[in-house]
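J.: Residue numbers for the sequence shown follow the numbering used here, beginning at 2 and rising by one.
Below is one structure. I have some questions about it.
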Amino acid sequence: MKHLILSVLLLVATASVQSQVTQLEEANVVYKPFDSKISQDQNRYSFNINEEYVGEFDKNPIGFMHSNFDIYSFMREIEEEYDSYEITFRSQKGKLMANYDKEGELLSTYQNFKDILLPLDIRREVYMKNKGWTMTSNKYVAFGTASMLEKELYKIKLEKDGQKRTLKLDGNNVGLTSVASN
């Protein structure tokens with residue numbers, strides 16, 4: 002009798018497990034780095050960035066642009082033809098403006114970000130020259146020709162015991178010169 006009950010329970014368990022198997026269709030997950038909403042004003046276009054992880058865009062905006070944006074495909078898709086194109090990529094931390102000519106060559110870039118993770122060299126220099134101070138905010142501005150940055154500027158605000166200090170660093174000369182402060 003014991004074997005009969007165990008056999009019936011085993012048979013019921015096997016039948017219920019088999020009945021719960023469902024065949025699922027393949028799911029495709031696609032990462033779209035740009036918001037589908039594009040704003041336009043004449044030859045100026047603006048995209049909102051959807052980052053795969055926090056800081057992906059502001060870590061290397063020009064690299065992000067080259068990896069995720071094809072100016073030639075973009076020029077084919079729009080109806081208008083201009084002598085130049087100004088493409089702006091915006092994230093929560095700031096923006097990258099890229100200027101292209103009518104052939105799709107990158108002419109210049111301008112970057113403006115706030116409250117970003119500073120590069121290690123800059124963090125070290127600020128810490129070593131301002132021990133005991135706390136960074137409350139920072140701004141980063143850079144510009145250059147094509148993909149090459151010609152000028153990088155960091156403005157860092159510090160606080161300690163009710164005192165405030167603002168540092169201005171030339172990103173091209175970190176470690177070579179002293180920190181300027183106000």
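Cβ atoms here follow ideal geometry from the backbone N, Cα and C, with glycine treated the same way.
Which same chain residues end up closer than 6 Å to Tyr-86 when comparing Cβ atoms and leaving out the 5 residues on each side of it in sequence?
T.: The residues are Asn-44, Tyr-101.
J.: Just reading off the beta strand (DSSP E) that Lys-132 is part of, what are its end residues?
T.: Neither: Lys-132 is in no beta strand (DSSP E) and is coded neither H nor E.
J.: For Asn-139, count neighbouring C-beta atoms within 10 Å of its own C-beta (all shown protein chains included) and say buried if the count is 16 or more, exposed if not.
T.: Answer is buried; the Cβ neighbour count reaches 16.
J.: Within its chain, find whatever has a CB closer than 6 Å to the CB of Val-142; leave out the 5 residues flanking it on each side and keep chain order.
T.: Counting only Cβ-Cβ distances below 6 Å, and skipping sequence neighbours, we find Asn-113, Leu-154.
J.: Please report the residue range of the alpha helix (DSSP H) in which Ile-79 lies.
T.: Here Ile-79 belongs to no alpha helix (DSSP H), and DSSP marks it neither H nor E.
J.: DSSP beta-bridge partners for Lys-161?
T.: Answer is Gln-164, bridged to Lys-161.
J.: May I ask you to report which of helix, strand or coil DSSP gives Glu-153?
T.: Glu-153 falls in the strand class under three-state DSSP.
J.: Take the Cβ of Val-31 as the centre, count every other Cβ of all protein chains shown within 10 Å, and call the residue buried at 16 or more, exposed below.
T.: Summary for Val-31: the model assigns pLDDT 49, below 50, so the residue's position carries little reliability; its value from the coordinates is reported in the next sentence. When all chains shown are included, Val-31 counts as exposed.
J.: According to DSSP, Gly-145 sits in a beta bridge with which residue or residues?
T.: BP columns for Gly-145 point to Thr-110, Leu-150.
J.: Output yes or no for whether 8 Å exceeds the beta carbon distance between Asn-174 and Lys-152.
T.: Contact flag unset, no.
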